[in-house]
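For the record, in the sequence shown the residue sitting at position 24 is 24 according to UniProt numbering, with numbers rising by one throughout.
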Amino acid sequence: MYSVVIDKNQYQVSREGDSYTINGTTLEWDIIKIKDRIYHIIIGDRSHTLELISSNEEEKTLNVKLDHKITTLIVKDRYDQLLEKLGMNLSAGNKVKDIKAPMPGLIFEIKVKVGDLVKKGDPVLVLEAMKMENILKSPGDGEVKEIKVSKGASVEKNQVLIQF
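Here it is as structure tokens:
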């Protein structure tokens, strides 16, 4: 059983052989792969073209073009649904807890301050190591709770620099 969210509408989907059941209604589908990432689908007397544009396994999303309309599907299997039901969904695990120094060096520049909201990939500080400036980026979304170092400070490998 899968949970599929399309444009804020949620569907329960299960598969048995060539039959798919969507919210309790069984549909007979004929799906043919035309070429890599492009499929031809016949449901009843209607024909559709589906193109897989991209997928993100971590976020459980698929970007598809169905009959020239681009949309995002969020697909969760029974294990994802169980984890969500138990309050242990993976999105909670994507939140940043802290940033540690990847190597010894000196803090060259701090690009955030306490209270700043950062997104995944935002630069947070510059660490000078081995005569090179290394930009450390946020590994996820979060709010800066505490900055444990100051500009010019010497840091060791794995030392906590910023807490979220």
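We put the CB at the ideal spot given by N, CA and C, even for glycine. Remember, predicted model here, so these are calculated numbers, not experimental data.
Item to complete: Return helix, strand or coil for Q81, following the three-state DSSP convention.
Response: Translated into positions along the sequence shown, residue 81 becomes position 81. Q81 falls in the helix class under three-state DSSP.
Fill in: First through last residue of the beta strand (DSSP E) which encompasses N158
Against the sequence shown, residue 158 aligns to sequence position 158. Annotation for N158: no beta strand (DSSP E) segment contains it, and DSSP assigns it neither H nor E.
Worksheet item: Taking C-beta to C-beta, are N158 and K97 nearer than 9 Å?
Response: Counting from one through the sequence shown, the residue named residue 158 turns up at place 158. Counting from one through the sequence shown, the residue named residue 97 turns up at place 97. Cβ distance not < 9 Å, so N158 and K97 don't count as in contact.
Item to complete: Quick one: residues in its chain with C-beta nearer than 7 Å to the C-beta of E109, no 5 flanking neighbours on either side, listed in chain order?
Response: Looking up residue 109 in the sequence shown gives position 109. Beyond the five residues adjoining it in sequence on each side, E109 comes within less than 7 Å, by CB distance, of L125, V126 and K151 in the same chain, given in chain order.
Practice prompt. State the Cα-Cα distance for the pair D36 and T26, rounded to the nearest angstrom.
Written response: Locating residue 36 in the sequence shown gives position 36, counting from the first residue. Locating residue 26 in the sequence shown gives position 26, counting from the first residue. Their backbone Cα atoms lie some 27 Å apart in a straight line.
Fill in: Endpoints, beta strand (DSSP E) assigned at R15
Locating residue 15 in the sequence shown gives position 15, where the first residue counts as 1. Note, R15: beta strand (DSSP E), N9 to E16.
Worksheet entry | Identified DSSP bridge partners for D98 | Counting from one through the sequence shown, the residue named residue 98 turns up at place 98. In DSSP, D98 forms a bridge with Q163.
Discussion item. Mapping the DSSP letters down to three states, classify G24 as helix, strand or coil.
Written reply: Your numbering for residue 24 matches position 24 in the sequence shown. Note: G24 maps to coil in three-state DSSP.
Worksheet item: So the beta strand (DSSP E) V144 belongs to, where does it begin and stop?
Response: Within the sequence shown, the letter at position 144 stands for residue 144. No beta strand (DSSP E) holds V144; DSSP gives it neither H nor E.
Worksheet item: Under the rule that 16 or more other beta-carbon atoms within 10 Å means buried, what is V64, buried or exposed?
Response: As a working note, residue 64 is residue 64 in the sequence shown. A buried status is given to V64, since no fewer than 16 other beta-carbon atoms sit within 10 Å of its beta-carbon.
Item to complete: Please say whether Q10 and M1 have beta carbons closer to each other than 9 Å?
Response: The residue you call residue 1 lines up with position 1 of the sequence shown. The residue you call residue 10 lines up with position 10 of the sequence shown. Not a contact, by the Cβ cut-off of 9 Å.
Discussion item. For L66 and H48, what's the separation of their Cα atoms in angstroms?
Written reply: By 1-based counting over the sequence shown, the position of residue 66 is 66. By 1-based counting over the sequence shown, the position of residue 48 is 48. Straight-line Cα distance between these residues: approximately 7 Å.
Worksheet entry | Counted within 10 angstroms of its Cβ, other Cβ atoms place L161 as buried (16 or more) or exposed | Position 161 of the sequence shown, counted from the start, is the residue given in the question as residue 161. L161 should be labelled buried.
Worksheet item: How about D122 and K145: do their beta carbons lie closer than 9 Å?
Response: For the purposes of this step, residue 122 is identified with residue 122 of the sequence shown, where counting begins at 1. For the purposes of this step, residue 145 is identified with residue 145 of the sequence shown, where counting begins at 1. No, they are not a contact pair.
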